[in-house]
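Number of protein chains: 2
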Amino acid sequence: MDTAPARGRPRDPAVDERIVRAAVEELAGTGAAAFSLNSVALRAGVAKRSIYSRWPNRETLITAALQSLSVGLAPPRTGTLSGDLDALFDQIAETLSEPRQSILARYAAELSAHPEQYAVFQRDVIDQAMAVIEDALVDARRRGEIRGDAPLPLAAEVFVSAIFGRSGYARHTPSGDFPQMKDGLIALTMNALRADGTPAR
Amino acid sequence: MDTAPARGRPRDPAVDERIVRAAVEELAGTGAAAFSLNSVALRAGVAKRSIYSRWPNRETLITAALQSLSVGLAPPRTGTLSGDLDALFDQIAETLSEPRQSILARYAAELSAHPEQYAVFQRDVIDQAMAVIEDALVDARRRGEIRGDAPLPLAAEVFVSAIFGRSGYARHTPSGDFPQMKDGLIALTMNALRADGTPAR
Numbered sequence: 007m008d009t010a011p012a013r014g015r016p017r018d019p020a021v022d023e024r025i026v027r028a029a030v031e032e033l034a035g036t037g038a039a040a041f042s043l044n045s046v047a048l049r050a051g052v053a054k055r056s057i058y059s060r061w062p063n064r065e066t067l068i069t070a071a072l073q074s075l076s077v078g079l080a081p082p083r084t085g086t087l088s089g090d091l092d093a094l095f096d097q098i099a100e101t102l103s104e105p106r107q108s109i110l111a112r113y114a115a116e117l118s119a120h121p122e123q124y125a126v127f128q129r130d131v132i133d134q135a136m137a138v139i140e141d142a143l144v145d146a147r148r149r150g151e152i153r154g155d156a157p158l159p160l161a162a163e164v165f166v167s168a169i170f171g172r173s174g175y176a177r178h179t180p181s182g183d184f185p186q187m188k189d190g191l192i193a194l195t196m197n198a199l200r201a202d203g204t205p206a207r
Numbered sequence: 007m008d009t010a011p012a013r014g015r016p017r018d019p020a021v022d023e024r025i026v027r028a029a030v031e032e033l034a035g036t037g038a039a040a041f042s043l044n045s046v047a048l049r050a051g052v053a054k055r056s057i058y059s060r061w062p063n064r065e066t067l068i069t070a071a072l073q074s075l076s077v078g079l080a081p082p083r084t085g086t087l088s089g090d091l092d093a094l095f096d097q098i099a100e101t102l103s104e105p106r107q108s109i110l111a112r113y114a115a116e117l118s119a120h121p122e123q124y125a126v127f128q129r130d131v132i133d134q135a136m137a138v139i140e141d142a143l144v145d146a147r148r149r150g151e152i153r154g155d156a157p158l159p160l161a162a163e164v165f166v167s168a169i170f171g172r173s174g175y176a177r178h179t180p181s182g183d184f185p186q187m188k189d190g191l192i193a194l195t196m197n198a199l200r201a202d203g204t205p206a207r
């Protein structure tokens, strides 16, 4: 009975949004393995059939919740590599605020059990961050700021991993938090890739 | 009744070991939040009182399980930075095999709820990896292989984060798996820190 769609009645977008937000909370607090539609209905203050009338099963609702977290990093195109990396560092660090931070951590823990659901999240959060960094590196190579043979995809991955690592595993390192890491990571990255080999500082 | 210690009877180290191994499995499969002594007793094939006679509560057993995963990375002292980083990359990648990989991922997900338990794991796995890398970098600076003012703690953190990131978040990047990443990451790190600014390759 619960699964009968409410045909003919127009959907209320505010309810859609409330359910998706509740699903995000459930993912961050519980994860995909124990994700419960009953709990989502409670969090959203709706009947379970209101969920089923919109998303036929938990998998489709989880996917919708993950997609709602997509951040849309934008290439800053400041005209210099240091300017671009500075702007992108802030954008990526912002990406790692809650609830994304918790979901990302659970994603790593539950990946092997839920590969299809989290592939969406990987694409929208992690792969996109790496792609937009690589884009900035390609621009810099075109301007002659970095060596022609510099390994750009790897450098982009390392840059993103360093930020993700600091936000997760390395939270309590002596070198402190994000703002303190930023300048050092940018200088390190530029030194690693520079055309003329001169240290950036 | 269950909690009465088996006084006077000598402890069997094989049972200790079986319980700790079962606790590690429970941490990897379930995490600390839902860690259950009943489930550990089942996994180990022992009575619950056999656990309580050794560890007074779940927290002490969890700590013992995490400590059993300590890896003891050793400074390789090959005489060159590239040799040291090559050996340490392999050691750290080996660290990230199961069950450590799963526990590390859960650690990131559950950190805020269980800070004291996981502090042990962070110290024995993550901080130790960073410290031994930094050690190799200090040796290299002494040999004149890298600049005097190179930011060694940050470089060590970025090196470790890149390996952790590849094992977790970035598993499916086009650049592939660990062996394919190793040479590139070492060259990138050396270029970032070199004394004379000449690309390493």
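Residue numbers (this note's numbering), protein chains in the order written: chain Y, 7 to 207; chain Z, 7 to 207.
The beta carbon of each residue, even a glycine, is placed where N, CA and C say it ideally should be.
Contact between Ala71 of chain Z and Val144 of chain Z fails: their C-beta atoms lie close to 33 Å from each other, not under 8 Å. Contact holds between the segment 124-141 of chain Y and the segment 65-85 of chain Y, because three or more Cβ pairs, one in each stretch, are under 8 Å apart.
Around Gly35 of chain Z, no beta-carbon contact reaches into chain Y at under 9 Å, the shortest distance being about 10 Å. In the structure shown, Arg149 of chain Y falls within a coil segment according to DSSP collapsed to helix, strand and coil.
With its beta carbon less than 9 Å from one in chain Y, Gly190 of chain Z belongs to the interface.
In this model, Ile109 of chain Y and Gly150 of chain Z are separated by some 44 Å (Cα to Cα). Closest option to Ile132 of chain Z, judged by alpha-carbon separation, among Z:Ala168, Z:Ala146 and Z:His120: Z:Ala168. Using a Cβ-Cβ cut-off of 8 Å, Pro157 of chain Y is close to Gly190, Ala193 and Leu194 of chain Z, given in chain order. In the three-state reduction of the DSSP assignment, Arg55 of chain Z falls in the helix class, which pools H, G and I. For Arg172 of chain Y, the secondary structure class from DSSP, reduced to helix, strand or coil, is helix. By the Cβ test, the segment 19-35 of chain Z is in contact with the segment 54-67 of chain Z, since at least three Cβ pairs between them sit closer than 8 Å. At least one C-beta of chain Y is nearer than 9 Å to the C-beta of Val164 of chain Z. Chain Z places no beta carbon closer than 9 Å to that of Asn63 of chain Y, leaving this residue out of the contacts. Flagged as an interface residue toward chain Z: Leu160 of chain Y, by a C-beta distance shorter than 9 Å. Interface criterion met: the Cβ of Leu199 of chain Z is under 9 Å from a Cβ in chain Y. Counting every other CB atom within 10 Å of its CB across the protein chains shown gives Thr66 of chain Z a total below 16, marking it as exposed. Under the three-state reduction of DSSP, Arg200 of chain Z is assigned to strand.
When Cβ-Cβ separations below 9 Å define contact, Ala71 of chain Z makes no contact with chain Y.
Between Gly85 of chain Z and Asp130 of chain Z, the alpha-carbon positions lie close to 26 Å from each other. Distance from the CA of Ala198 of chain Y to the CA of Asn197 of chain Z, rounded to the nearest whole angstrom, comes to 5 Å. The C-beta distance from Asp92 of chain Z to Ile192 of chain Z rounds to 6 Å, short enough to fall under 8 Å. Secondary structure in the segment 46-118 of chain Z: the alpha helix (DSSP H) runs of 4 residues or longer, each lying completely within the stretch, are 54-58, 64-73, 87-101 and 106-116 in chain order. For the 9 Å CB-CB criterion, Asp90 of chain Y and Ala47 of chain Y do not form a contact.
Excluding the 5 residues flanking it on each side, Ala201 of chain Y has same chain C-beta neighbours closer than 7 Å at Gly150, Glu151, Ile152 and Arg153, in chain order. Annotated as distal: Gly171 of chain Y and Leu160 of chain Z, with beta-carbon spacing of 9 Å or more.
Glu122 of chain Z is classed as exposed because its beta carbon has fewer than 16 other beta carbons within 10 Å across all chains shown. Around the beta carbon of Arg106 of chain Y, 16 or more other beta carbons sit within 10 angstroms, so the residue counts as buried.
Assigned with DSSP and collapsed to three states, Ser167 of chain Y falls in helix. Under the Cβ distance rule, Ala111 of chain Y counts among the residues neighbouring chain Z, one pair being separated by less than 9 Å. Taking 9 Å as the cut-off, the beta carbon of Glu140 of chain Z is found no closer than this to the beta carbon of Ala34 of chain Z.
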